[in-house]
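A.B. asks: Numbering (the working numbering), first residue to last: 8 to 668. Ideal placement from N, C-alpha and C gives every residue a C-beta, glycine not left out.
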RNA sequence: GGACCCGUAGCUCAGCCAGGACAGAGCGCCGGCCUCCUAAGCCGGUGGUCGGGGGUUCAAAUCCCCCCGGGUCCGCCA
């Protein structure tokens with residue numbers, strides 16, 4: 008028995024029919040079962056049946072006539088004993104009607120044995136690293152990060168539920184210039200970021216964010232004033248003046264939000280310093296070498312920001328398996344090793360007098376003949392990609408160089424088959440360069456199994472978010488407003504409930520509203536985030552699903568446990584019940600496909616439709632007041648299965664599922 | 001200038017990868033439904049040159065080409 012699974016995995020009745028049908032058709036047509044499974048659809052009209060197969064499609068490929076195929080498949084279905092009650096041929100489609108009462112009976116049998124909803128497990132599980140969020144530790148998480156986090160965490164949940172072995176990681180970008188700027192600000196203030204923010208009663212990442220924005224904007228203001236003095240023509244002057252006005256306005260707003268009396272200290276210091284840039288440069292260079300006191304200074308800032316991140320993340324149900332420090336990669340010579348390998352490589356060149364990798368040559372030599380690599384690397388046709396510079400003239404490393412080392416580290420640390428980077432679409436070129444560079448250095452497996460899961464930005468209706476100016480809608484305050492809005496509603500509906508319960512449920516609703524809204528739009532399209540509109544908790548929102556789930560829970564609570572012996576399964580055939588049950592039973596297949604396609608939005612769309620189906624049924628077919636015992640218990644079974652399914656789906660999306668709200 | 005992504009109802013979005021059975025939801029707007037399992041709900045109505053044009057096909061929102069509009073990227077930034 009060793010090495011083999013202890014028991015055959017038990018599929019729900021619907022998955023069984025769907026899967027077996029796909030296999031059977033695949034056998035008859037010589038197609039791939041997976042492909043056939045995609046083509047099995049739900050007919051647009053109920054009269055046509057429950058499942059349908061586009062026979063013309065298979066006929067075209069195999070040369071067998073549709074009615075011939077129809078005859079063969081029908082025969083095979085009859086022999087197989089699938090829960091199919093009727094088949095028909097209409098307009099080139101083979102339509103199947105399922106034996107729902109029999110499926111319901113099987114389902115009840117499973118539930119009685121303690122079986123619960125789950126996804127069909129993938130045949131060959133992979134070890135997958137999902138890196139997501141990885142926000143710069145210099146300001147609070149804003150809505151852009153929230154989308155990244157929601158996508159990343161949901162992907163991890165989906166893939167895990169499908170049977171893959173998942174490792175989630177957060178990349179701490181502590182080596183770059185931006186962190187050095189924040190550190191410079193704290194150096195001027197001479198305070199410890201974490202303890203100072205505690206003293207202020209402020210979330211540490213918010214404090215860091217304020218100091219960073221103030222420092223950065225002050226420096227920029229000083230620089231611009233200098234440029235303005237040197238500017239030649241009027242056109243140049245007015246352009247600079249306009250830019251300066253913008254920064255001064257941002258500074259005024261930052262001063263207004265001064266959490267203590269820090270503003271003047273930073274601003275005056277920066278103004279009085281001859282060369283702020285050199286100061287920052289010094290911090291950066293010394294940190295890359297791991298020298299004190301810069302090391303403690305930067306770590307202090309970053310630790311404070313991360314502390315704030317963890318608070319926000321745990322609020323929306325996100326935890327990471329590992330936190331990786333970029334600096335560790337530099338200090339541990341992993342980055343140095345990559346640079347050395349590059350120098351020894353046939354793709355090493357000097358570009359603009361710096362050490363670089365000849366990306367065009369890699370494309371020319373390695374992608375022309377290697378069909379698989381071409382496909383997986385996803386190189387756009389006419390894209391000219393410049394060589395990749397590895398090291399600055401001052402000897403410090405560049406982001407992409409460090410990312411090469413990090414990519415290899417992720418594969419190695421988890422012994423991963425695949426690494427998914429959830430990163431914005433604006434980083435496409437960089438991510439492509441990364442894959443090509445790794446390919447050039449001989450890391451073919453890593454290059455081909457590094458997936459850039461890209462998503463478009465979150466925009467606000469009027470303004471453009473800018474961490475540098477301290478202008479963004481941060482996740483914490485969005486959650487706070489959502490919670491306040493939810494509280495009104497919960498209190499209204501539960502006047503006797505105690506405050507603690509109201510607070511808990513409202514928090515769950517806030518989290519659900521936020522995560523759902525960020526996951527339901529497919530990744531490649533931009534999300535326009537209107538804080539006002541998210542406060543609407545009606546249909547097509549997370550709270551709508553939560554509410555529907557809570558309704559089902561309410562019914563089951565009143566009904567009590569199901570009397571399985573009394574169930575009349577034929578009662579499932581009543582049209583609306585049948586629709587609801589069937590749609591509910593489709594869940595495992597839908598969720599599995601969403602996982603395989605890495606398309607969480609498909610699950611979101613399905614759950615909305617499922618909730619609609621439940622709500623319209625709910626309105627007309629009462630459970631508790633049903634006089635006929637057989638029908639009542641049948642309905643209770645449907646409600647209970649729906650409740651279980653919805654809860655499972657919501658959990659995959661990271662939307663909490665309160666039982667009352 | 002080049003490349004990539006997006007463009008479906010007034011608004012927010014499914015459907016496109018794997019072409020086929022009347023182009024779907026929600027919001028909004030109009031009209032109904034709480035002595036009855038939570039009205040964050042339900043029922044009905046309103047609303048669409050699927051950005052435009054060509055092509056492939058028996059069949060195109062879906063595939064190919066061109067164009068238009070919006071976004072993004074082309075750093076010794078990250």
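For residue 210, which residues in the same chain have their Cβ closer than 6 angstroms to its Cβ, ignoring the five residues on either side in sequence?
C.D. replies: In the first chain, the residue the question calls residue 210 occupies position 203. Excluding positions up to five away in sequence, the list reads 315.
A.B. asks: Is the CB-CB distance between residue 220 and residue 482 below 7 angstroms?
C.D. replies: The sequence position of residue 220 within the first chain is 213, counting from 1. The sequence position of residue 482 within the first chain is 475, counting from 1. It is not a contact, given that the beta carbons lie outside the stated cut-off.
A.B. asks: Let me know the secondary structure DSSP gives residue 122 once reduced to three states.
C.D. replies: Taking the first chain and counting its residues from 1, one reaches residue 122 at position 115. Residue 122 falls in the coil class under three-state DSSP.
A.B. asks: What are the residues that DSSP puts in a beta bridge with residue 7?
C.D. replies: The shown model of the chain, from 8 to 668, leaves out residue 7, and the question about it has no answer.
A.B. asks: State the CB to CB distance for the pair residue 427 and residue 135, rounded to an integer number of angstroms; the pair is presumed to be in contact (CB under 8 angstroms).
C.D. replies: If you number the first chain from 1, residue 427 lands on position 420. If you number the first chain from 1, residue 135 lands on position 128. Correct: roughly 6 angstroms between the Cβ atoms.
A.B. asks: Rounded to whole angstroms, how far is the Cβ of residue 330 from the Cβ of residue 297, which I believe are closer than 8 angstroms?
C.D. replies: Along the first chain, one-based indexing puts residue 330 at 323. Along the first chain, one-based indexing puts residue 297 at 290. Not really, about 18 angstroms apart at Cβ, beyond 8 angstroms.
A.B. asks: Can you tell me where the alpha helix (DSSP H) holding residue 624 begins and where it ends?
C.D. replies: Along the first chain, read from residue 1 onward, the residue named residue 624 stands at position 617. Residues 607-627.
A.B. asks: Identify the residues that DSSP records as bridge partners of residue 176: which are they?
C.D. replies: The sequence position of residue 176 within the first chain is 169, counting from 1. According to DSSP, which records beta bridges pairwise, residue 176 is partnered with 138, 329.
A.B. asks: Quick check on this structure: which residue in 60, 70, 661 has the alpha carbon closest to the alpha carbon of residue 81?
C.D. replies: Reading the first chain from its first residue, position 74 is the one you call residue 81. Of the listed residues, the one whose Cα sits closest to residue 81 is 60.
A.B. asks: Can you have a look at residue 120 and say buried or exposed, based on whether 16 or more other CB atoms are within 10 angstroms of its CB?
C.D. replies: Within the first chain, numbered from 1, the residue matching residue 120 stands at position 113. So residue 120 counts as exposed.
A.B. asks: According to DSSP, is residue 517 part of a helix, a strand, or is it coil?
C.D. replies: Taking the first residue of the first chain as 1, we reach residue 517 at position 510. Note: residue 517 maps to helix in three-state DSSP.
A.B. asks: Could you tell me the boundaries of the beta strand (DSSP E) in which residue 429 lies?
C.D. replies: If you number the first chain from 1, residue 429 lands on position 422. Residues 425-431.
A.B. asks: From residue 191 to residue 299, what does the alpha carbon distance come to, in whole angstroms?
C.D. replies: Along the first chain, read from residue 1 onward, the residue named residue 191 stands at position 184. Along the first chain, read from residue 1 onward, the residue named residue 299 stands at position 292. Using only the alpha carbons, I get a separation of about 14 angstroms.
A.B. asks: Taking all protein chains shown into account, do 16 or more other C-beta atoms lie within 10 angstroms of the C-beta of residue 10, making it buried, or fewer, making it exposed?
C.D. replies: The residue given as residue 10 occupies position 3 in the first chain. Reliability of the predicted coordinates at residue 10 is poor, the pLDDT of 35 falling under 50, and no value is obtained from them.
A.B. asks: Ignore the nearest five residues each way along the sequence and tell me which others in residue 564's own chain have a CB closer than 8 angstroms to its CB.
C.D. replies: By one-based count along the first chain, residue 564 stands at place 557. These residues qualify, in order along the chain: 666.
A.B. asks: Around the C-beta of residue 444, are 16 or more other C-beta atoms found within 10 angstroms, so that it is buried, or is it exposed?
C.D. replies: Indexing the first chain from 1 puts residue 444 at position 437. Buried is the call here.
A.B. asks: Between which two residues does the alpha helix (DSSP H) carrying residue 276 extend?
C.D. replies: Working through the first chain from its first residue, we reach residue 276 at position 269. From DSSP, the alpha helix (DSSP H) with residue 276 extends over 270-279.
A.B. asks: For residue 436, does the count of other Cβ atoms within 10 angstroms reach 16, so buried, or fall short, so exposed?
C.D. replies: The residue you call residue 436 lines up with position 429 of the first chain. Per the 10 Å Cβ criterion, exposed.
A.B. asks: Which of helix, strand or coil does DSSP assign to residue 131?
C.D. replies: Taking the first chain and counting its residues from 1, one reaches residue 131 at position 124. The answer is coil: DSSP assigns residue 131 none of H, G, I, E or B.
A.B. asks: Give the single residue among 35, 137, 580 whose Cα lies nearest to the Cα of residue 459.
C.D. replies: As a working mapping, residue 459 is identified with position 452 in the first chain. Ranking the options by Cα distance to residue 459, first place goes to 137.
A.B. asks: Could you check which residue in 145, 115, 28 has the C-alpha nearest to that of residue 649?
C.D. replies: As a working note, residue 649 is residue 642 in the first chain. Measuring from the Cα of residue 649, the nearest candidate turns out to be 115.
A.B. asks: Spell out a yes or no on whether the region 593-606 and the region 513-524 are touching, meaning 3 or more CB-CB pairs, one atom from each, closer than 8 angstroms.
C.D. replies: Verdict: no, contact absent.
A.B. asks: Using a Cβ-Cβ cutoff of less than 8 angstroms, which residues in the same chain neighbour residue 143 once the five nearest sequence positions on both sides are dropped?
C.D. replies: In the first chain, counting from the first residue as 1, residue 143 sits at position 136. Within the same chain, residue 143 has close Cβ partners 180, 183, 185, 186, 474.
A.B. asks: Mapping DSSP to helix, strand and coil, what is residue 224?
C.D. replies: Counting from 1 along the first chain, the entry for residue 224 is found at position 217. Residue state, collapsed to three classes: helix.
A.B. asks: With DSSP run on the structure shown, which of helix, strand or coil describes residue 13?
C.D. replies: Locating residue 13 in the first chain gives position 6, counting from the first residue. In this prediction, residue 13 has a pLDDT of 38, which is less than 50 and means its spatial position is unreliable; what the coordinates show is noted afterwards. Residue state, collapsed to three classes: coil.
A.B. asks: Would you call the CB atoms of residue 161 and residue 607 closer than 7 angstroms?
C.D. replies: One-based indexing of the first chain puts residue 161 at position 154. One-based indexing of the first chain puts residue 607 at position 600. Against a cut-off of 7 angstroms, the Cβ pair of residue 607 and residue 161 comes out as a contact.
A.B. asks: Report yes if the CB atom of residue 128 is closer than 7 angstroms to the CB atom of residue 170, and no otherwise.
C.D. replies: For the purposes of this step, residue 128 is taken as residue 121 along the first chain, with counting starting at 1. For the purposes of this step, residue 170 is taken as residue 163 along the first chain, with counting starting at 1. It is a contact, given that the beta carbons lie within the stated cut-off.
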